[in-house]
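Numbering (our numbering), first residue to last: 3 to 119.
Each residue gets a CB set at the ideal place from its N, CA and C atoms; glycine is no exception.
Following: one structure in C-alpha cells, then a few remarks.
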Amino acid sequence: MTLSRKLWKHPTLVKVWKTAKAIPRGCVTTYGQLATAAGFPRAARLAGFALKNTPPGMKLPWHRVLNAQGRISLPPRSTASREQRRRLEAEGVVFLGGRVDLRRFGWRTRRDSPLLD
DNA sequence: AGGGTGACGGGCC
DNA sequence: GGGCCCGCCACCC
Numbered sequence: 003m004t005l006s007r008k009l010w011k012h013p014t015l016v017k018v019w020k021t022a023k024a025i026p027r028g029c030v031t032t033y034g035q036l037a038t039a040a041g042f043p044r045a046a047r048l049a050g051f052a053l054k055n056t057p058p059g060m061k062l063p064w065h066r067v068l069n070a071q072g073r074i075s076l077p078p079r080s081t082a083s084r085e086q087r088r089r090l091e092a093e094g095v096v097f098l099g100g101r102v103d104l105r106r107f108g109w110r111t112r113r114d115s116p117l118l119d
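Pasting the structure below:
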C-alpha cells in the first residue's frame with residue numbers, strides 16, 4: 003500500500019506470498035517458518051515485511067501467520083489484530099491467554115520441522 | 001554508501 | 001517466564 007508497486011514483482015516477496023497461500027485452513031504458521039518454507043531461513047522479518055506489503059486484492063491467508071510465541075504480532079487493540087483473531091477462531095483455531103498452541107495448530111512442513119512427522 | 005526501521009527470532013541472563 | 005541484545009533480509013531515505 004504505502005510502498006511502490008515495484009515491490010509487487012520482487013521475486014523474493016513473490017515467493018513469500020506464494021508460500022503463504024499454501025497455509026491450510028485451520029492451521030497457523032510463524033513468520034520464521036513462512037520465510038523458511040519460502041526458501042529464506044532466518045529471514046522472519048522478511049516475511050513480516052512481505053505480508054505488510056501484500057498487494058491490494060491479492061487473495062492470501064495472512065491471518066494464519068503468528069509470531070514464534072503463537073501470538074498475533076499486530077498492535078494489540080487494533081482493528082487489524084481483532085480481525086485476525088476473529089478469522090482464526092472462525093476456522094476453529096483456539097486462543098488461550100492470547101496465545102495459540104503451535105503444537106496443536108501449527109502448520110508442519112517437511113522442510114522446516116524434520117523432527118516431526 | 002551508510003544508517004535507520006520492521007506484522008521477527010533465538011540466545012542469554 | 002520476561003527483558004535485552006543481536007542477527008536477519010529488504011526497504012527507505
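Item, Value
"Helix, strand or coil, according to DSSP, for Leu117 in the structure here?", "Since pLDDT at Leu117 reaches only 36, below the 50 mark, its modelled position is unreliable, and no value is offered."
"DSSP three-state call for Gly99: helix, strand or coil?", "coil"
"Please state whether DSSP places Gly72 in a helix, a strand or coil.", "coil"
"Restricting to Cα atoms, I'd like to know which of Leu98, Leu90, Arg47 is closest to Ile25.", "Leu90"
"Using the Cα positions of Thr111 and Leu104, report the straight-line distance between them to the nearest angstrom.", "13 angstroms"
"Judging by CA-CA distance, which residue of Arg7, Val96, Thr56 is the nearest neighbour of Thr21?", "Thr56"
"DSSP three-state label for Gly34, please.", "helix"
"Counting along the chain, where does the alpha helix (DSSP H) carrying Gly91 start and finish?", "According to the sequence as given, residue 91 is Glu; it is not Gly. 81-92 is the span of the alpha helix (DSSP H), which, as asked, contains Glu91."
"Looking only at its chain, what residues have a beta carbon closer than 6 angstroms to the beta carbon of Ala49, apart from the 5 residues adjacent to it on each side?", "Val18, Tyr33, Leu36, Ala37"
"According to the Cβ coordinates, are Val30 and Val102 closer than 7 angstroms?", "yes"
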